[in-house]
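Have a look at the structure below before the remarks.
Numbering (the working numbering), first residue to last: 3 to 129.
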């Protein structure tokens with residue numbers, strides 16, 4: 003199956019101070035599906051906010067979770083020919099963006115295995 007494994011992310015990161023007390027440092031900043039609020043990535047996984055999606059601004063992420071990866075297809079994008087696969091929310095099946103499977107130009111190889119999430123399809127949680 004192309005559904006990624008589901009993780010529970012309601013944890014807080016904690017650290018021990020020099021006096022031995024535990025301090026809450028931060029809560030994980032989650033990225034969720036705009037339609038059903040399924041957690042699909044972490045803010046810390048954003049590589050770049052300077053991408054263009056089908057419907058406006060998009061973000062490049064290193065990882066995704068709780069998604070379904072569709073079939074691969076070749077697309078001519080702004081930066082050349084790529085093999086991509088649409089990505090869908092694992093719960094409601096909303097199209098969220100795509101996964102870069104292959105880049106044909108050497109300068110674009112860094113995108114391989116990475117994910118584009120359309121800004122209009124995601125929301126921030128725990129911020």
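Note that beta-carbon positions come from the ideal geometry of N, C-alpha and C, so glycine has one too. What you are looking at is a predicted structure, and each value in this text was computed from that prediction instead of being measured.
For residue i, the nearest candidate out of the options (CA to CA)
i	options	result
residue 87	48, 109, 113 and 93	113
residue 100	85, 108 and 48	85
residue 48	109, 64, 129 and 103	64
residue 42	75, 103, 52 and 71	71
residue 103	121, 75 and 119	75
residue 129	77, 45, 40 and 37	45
residue 39	108, 73, 115 and 68	68
Reduced DSSP category for residue i - H, G, I as helix; E, B as strand; rest coil
i	result
residue 52	strand
residue 64	coil
residue 121	helix
residue 116	coil
residue 93	coil
Under 8 Å between C-beta atoms of residue i and residue j
i	j	result
residue 126	residue 31	yes
residue 33	residue 119	yes
residue 2	residue 123	Examination of residue 2 is not possible in this model, given that the chain is present from 3 through 129 alone.
Residue burial classification, residue i (beta-carbon count within 10 angstroms, cutoff 16)
i	result
residue 35	buried
residue 97	exposed
residue 111	exposed
residue 14	Summary for residue 14: the model assigns pLDDT 45, below 50, so the residue's position carries little reliability, and this model does not support an answer.
residue 4	Residue confidence is low: residue 4 scores 49 on pLDDT, short of 50, so the model does not pin down where it sits. Its coordinate-derived value is still stated next. When all chains shown are included, residue 4 counts as exposed.
residue 106	exposed
residue 92	buried
residue 51	exposed
residue 66	buried
Heavy atom of the ligand GDP within 7 Å of residue i beta-carbon
i	result
residue 64	Summarising the ligand content, the structure contains no ligands, and the ligand GDP is consequently not present.
Fill in: Stretch-stretch touch, CB-based, cutoff 8 Å, three pairs: the region 55 to 63 with the region 75 to 93
no
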